[in-house]
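Structure first, commentary second.
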Amino acid sequence: AQSVAQPEDQVNVAEGNPLTVKCTYSVSGNPYLFWYVQYPNRGLQFLLKYITGDNLVKGSYGFEAEFNKSQTSFHLKKPSALVSDSALYFCAVRALSSYNTDKLIFGTGTRLQVFP
Amino acid sequence: DGGITQSPKYLFRKEGQNVTLSCEQNLNHDAMYWYRQDPGQGLRLIYYSQIVNDFQKGDIAEGYSVSREKKESFPLTVTSAQKNPTAFYLCASSIVRGQGRFYEQYFGPGTRLTVT
C-alpha cells in the first residue's frame with residue numbers, strides 16, 4: 001500500500017537550535033516527495049520537493065530535506081529554528097491513482113513549536 | 001496562496017442543505033483538486049480534474065459533487081448526503097506534465113464549513 005507516515009504529532013525546539021521533522025514513505029517505483037507548511041486557518045504552502053538527483057534538497061525559508069532511499073525517509077531539517085517557523089508541516093508522496101493519473105498522499109502532519 | 005482563490009473563508013449551513021464552495025485559479029493550470037482536512041487526519045482527496053469537462057472521484061467522494069466547465073473554476077458542492085460535512089476544505093491546482101503526471105500542487109487559502 002502507498003502511504004506516508006509522520007511519526008511525531010508534535011516537535012518542540014528552542015529558537016536557534018536545529019530542527020528535524022520526520023517522514024517515511026511507502027510507494028512503488030521512484031518516489032516524488034514533497035513538504036508543505038500550513039499556518040493556522042490558511043492553505044498549504046509548498047516548501048520543497050525531491051524528484052531525482054541530489055539527496056539533499058534545499059527549499060524555501062531556509063528549510064532542507066534529506067532523501068534516504070534505503071531508509072525510505074525524507075526528513076525535513078533547518079539548521080537554526082525561528083519562532084515564526086511554528087506551524088503544521090505535511091509530508092506528501094506522489095502516487096498513481098486507479099485512473100492511472102498522479103495523486104498526492106499526505107501524512108497526518110507534525111506540529112512544530114519553536115520556543116523563544 | 002497566490003493565484004488560487006476560495007470563497008467564502010467561513011461558511012455556515014443548516015443540516016440538510018446543499019452548499020457550494022468556490023475555487024478559482026489564474027495560474028493556467030490544467031489540473032485542479034479538492035481536499036478535505038480534519039484534525040489529526042491530514043488531507044484526503046475528494047475529487048480531481050485533469051481537463052475541462054472531465055473529473056474523477058478521489059478517496060472520499062461520497063456526498064460530494066463537482067463540475068469543471070471552465071479551466072479556471074472547479075466548484076465543489078457538499079450535498080445533504082455527506083454525513084459529516086463540517087471540515088476545512090482546500091482546493092489545489094497543478095501543471096499536468098503529460099499523461100496525468102504532475103509535480104507540486106499549489107493550494108488555495110481554504111474554506112471552513114460548519115454544518116449544524
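Protein chains in written order, with this note's numbering: chain Y, 1 to 116; chain D, 1 to 116. We put the beta carbon where it would ideally sit given N, CA and C, even for glycine.
- Please go through the same chain and pick out, in chain order, the residues whose beta-carbon is closer than 8 Å to the beta-carbon of D/ALA81, but skip the five residues on each side of it. The sequence position of residue 81 of chain D within the second sequence is 81, counting from 1. GLU62, GLY63, listed in sequence order.
### Query
How would you label D/ILE51, buried or exposed, when you count the other beta carbons within 10 angstroms and need 16 or more for buried?
By 1-based counting over the second sequence, the position of residue 51 of chain D is 51. With fewer than 16 Cβ atoms within 10 Å of its Cβ, D/ILE51 is classed as exposed.
With a threshold of 7 Å on Cβ separation, who are the neighbours of Y/ALA87 within its own chain once the five nearest residues in sequence on each side are excluded? To locate residue 87 of chain Y, count along the first sequence from 1; it is residue 87. Exclusion of the five residues before and after Y/ALA87 leaves VAL37, GLN38, TYR39, LEU112 as the residues of its chain whose Cβ lies within less than 7 Å of its Cβ.
(message) Looking at the secondary structure, which residues open and close the beta strand (DSSP E) in which Y/LYS77 lies?
(response) If you number the first sequence from 1, residue 77 of chain Y lands on position 77. Where Y/LYS77 is concerned, the enclosing beta strand (DSSP E) stretches over 73-78.
- Taking Cβ positions only, does D/ALA92 come closer than 9 Å to chain Y? As a first step, residue 92 of chain D is located in the second sequence; it is residue number 92 there, counting from the start. For D/ALA92, a Cβ of chain Y is located within less than 9 Å of the residue's own Cβ.
With which residues is Y/LYS103 paired in a DSSP beta bridge?
Here residue 103 of chain Y is taken as the residue at index 103 of the first sequence, counted from 1. Bridge partners of Y/LYS103 according to DSSP: Y/ALA95.
Report the rounded CA-to-CA distance for Y/PHE34 versus D/LEU11, giving the unit in angstroms.
-> Counted from its first residue, the first sequence places residue 34 of chain Y at position 34. Counted from its first residue, the second sequence places residue 11 of chain D at position 11. Y/PHE34 and D/LEU11: Cα-Cα distance of roughly 30 Å.
Name the chain Y residues whose beta carbon is nearer than 7 Å to that of D/GLY42? Along the second sequence, one-based indexing puts residue 42 of chain D at 42. Contact annotation for D/GLY42 against chain Y: PHE90, PHE106, GLY107, THR108, GLY109 [CB-CB distance below 7 Å, chain order].
key: Where the beta strand (DSSP E) containing D/CYS23 begins and where it ends   = Sequence index remark: in the second sequence, residue 23 of chain D carries index 23 (1-based). Element bounds for D/CYS23: 19-25.
For Y/ASP9, would you say it is in contact with chain D, using Cβ-to-Cβ distances shorter than 9 Å as the test? Taking the first residue of the first sequence as position 1, residue 9 of chain Y is located at position 9. Yes, Y/ASP9 lies at the interface with chain D (some Cβ there is under 9 Å from its Cβ).
### Query
Hey, is D/ILE4's beta-carbon within less than 9 Å of any beta-carbon in chain Y?
Reading the second sequence from its first residue, position 4 is the one you call residue 4 of chain D. Yes, because at least one Cβ of chain Y sits closer than 9 Å to the Cβ of D/ILE4.
Any C-beta of chain Y under 9 Å from that of D/PHE12:
The residue you call residue 12 of chain D lines up with position 12 of the second sequence. Under the 9 Å criterion on CB atoms, D/PHE12 is classed as non-interfacial with respect to chain Y.
- Item | Y/PHE34 at chain D interface by Cβ criterion, 9 Å | As a working note, residue 34 of chain Y is residue 34 in the first sequence. With its beta carbon less than 9 Å from one in chain D, Y/PHE34 belongs to the interface.
- Message: Counting only C-beta atoms, is Y/GLY16 closer than 9 Å to chain D at any point?
- Response: Sequence index remark: in the first sequence, residue 16 of chain Y carries index 16 (1-based). Taking Cβ atoms only, chain D never reaches closer than 9 Å to Y/GLY16, which makes this a no.
**Study point:** Minimum Cβ-Cβ distance from Y/LYS58 to chain D less than 9 Å
**Key:** The sequence position of residue 58 of chain Y within the first sequence is 58, counting from 1. For Y/LYS58, the nearest beta carbon of chain D is not closer than 9 Å to its own beta carbon.
| said: My output table needs one value for Y/ASP85: the three-state DSSP class, helix, strand or coil. | reply: For the purposes of this step, residue 85 of chain Y is taken as residue 85 along the first sequence, with counting starting at 1. If DSSP states are grouped into helix, strand and coil, Y/ASP85 belongs with the helices.
What do you get for D/PRO85, buried or exposed, if any count of 16 or more other CB atoms within 10 angstroms of its CB means buried?
Start at 1 with the first residue of the second sequence, and residue 85 of chain D comes out as number 85. Classification for D/PRO85: buried.
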